[in-house]
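J.: The opening residue of the sequence shown carries number 231 in the working numbering; numbering runs sequentially from there. The beta carbon of each residue, even a glycine, is placed where N, CA and C say it ideally should be. What follows is a structure written as structure tokens; I'll ask about it next.
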Amino acid sequence: MLLFSNQSFANIYGIDCSNKKGTTKWVYSFKRKAIVLYEQDSKKTKVKFEIKKETPSFLEAKGTLNDFKTTVTFDIGKKEVTVLQSAIQGKNYFMQCSEPKVLKQE
């Protein structure tokens, strides 16, 4: 389990995630209340999700991906990202991730 001091909540973190079907890269900041998908299957993108719930070891964010309402969760302890879309046509996927790396200290 990772524990963060109040100072670390201001930092920007990066994670690389993958499963058998693909890869994603994300950045997140508790201070900015956002997690951003910036690369999917080696293609640049920029999709921002607003963090709605957070603890030192978990975050839940909501936004829109491919025109579908989407919930993204990141369990920092398990190093797992889950992407769930509300529509029947939407995709749901689970990915194992790298240890979060500090990209920028604020």
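#1: Which two residues bound the contiguous beta strand (DSSP E) that contains residue 281?
#2: Counting Cβ pairs closer than 8 angstroms, one from the stretch 321–328 and one from the stretch 240–254, do we hit at least three?
#3: Could you tell me the distance, in whole angstroms, from the CA atom of residue 237 to the CA atom of residue 318?
#4: Between the alpha carbons of residue 258 and residue 297, how many angstroms are there, rounded?
#5: Please name the residue, chosen from 285, 290, 291 and 327, that lies closest to residue 308 on a Cα-to-Cα basis.
T.: Result, derived from the coordinates:
#1: 273–285
#2: yes
#3: The predicted position of residue 237 is uncertain, since its pLDDT is 47 and thus under 50; a value taken from the coordinates is nonetheless stated next. Using only the alpha carbons, I get a separation of about 41 angstroms.
#4: 21 angstroms
#5: 327
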